[in-house]
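Participant: The numbering of the sequence shown is the numbering used here, which starts it at 98 and goes up by one.
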Amino acid sequence: MDSLTRGGAVMDLMATNASELIGDVKIGGSLGCSDHTLMEFVVLRDVGQVKSKVRTLNFRKANFQFFKELLNRMPWETVHRDKGSEQSWQNFKDAFHRAQELSIPRCKKSSKEGKRPAWLIGDLLIKLQGKKEMHRQWK
98 MDSLTRGGAV MDLMATNASE LIGDVKIGGS LGCSDHTLME FVVLRDVGQV KSKVRTLNFR
158 KANFQFFKEL LNRMPWETVH RDKGSEQSWQ NFKDAFHRAQ ELSIPRCKKS SKEGKRPAWL
218 IGDLLIKLQG KKEMHRQWK
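#1: Leaving out five residues before and five after F237 in sequence, what residues of the same chain have Cβ atoms less than 6 Å from its Cβ?
#2: Would you report the Cα separation of Q234 and D121, rounded to the nearest angstrom?
#3: Distance, Cα to Cα, L141 vs T153?
#4: In chain order, which continuous runs of the beta strand (DSSP E) of length 3 or greater are located wholly inside the segment 135–195?
#5: For F138, which residues of its own chain have a beta-carbon under 8 Å away from its beta-carbon, when the five flanking residues on both sides are left out?
#6: CB-CB under 8 Å to N160, same chain, minus the five flanking residues each way: which ones, in chain order?
#7: Step through the CB atoms of chain D and report whether any lies within less than 8 Å of the CB of K150.
#8: Looking at the unbroken beta strand (DSSP E) that takes in G120, where does it start and where does it end?
#9: Assign K206 to one of three DSSP states: helix, strand, or coil.
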């Protein structure tokens with residue numbers, strides 16, 4: 098900051114240590130009878146965030162009755178007869194995953210990045226987590 102923001106004082110603390118995140122800073126005017134000067138700025142961020150293509154199982158909409166029926170219909174004695182433990186395990190896993198695909202729908206995984214403010218990234222987030230941890234230990 099180069100301009101005066103309150104009386105003869107210059108603002109000495111900004112919300113970020115990465116100046117490339119702040120742009121179009123305007124200083125001027127005041128609000129009511131305050132001796133503070135108004136400051137406007139724009140937070141620059143990437144608008145085109147990559148959307149996650151990760152899909153997870155949606156257990157809230159799962160049909161567990163159908164899942165159980167699919168597994169109960171399997172003739173396990175004949176499937177596992179004359180098979181070793183590895184082959185039996187593989188057969189069970191395959192049947193389990195097939196039943197899972199048919200009875201439990203998938204949904205897009207929501208990411209935490211989309212829920213955080215644009216300025217709360219990387220270095221600052223790590224420092225805040227450290228601050229929370231220190232506070233927890235102090236208590």
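C-beta: ideal position from N, C-alpha, C; glycine also.
Fair warning: this is a prediction, and the values are worked out from it, not measured in the lab.
Facilitator: Taking the geometry as given:
#1: What is shown of the chain runs 98 to 236, which leaves residue 237 out entirely.
#2: 40 Å
#3: 32 Å
#4: 152–154
#5: I119, G120, D121, V122, K123
#6: S200, I201
#7: Here chain D cannot be found, since the structure has a single protein chain.
#8: 119–127
#9: coil
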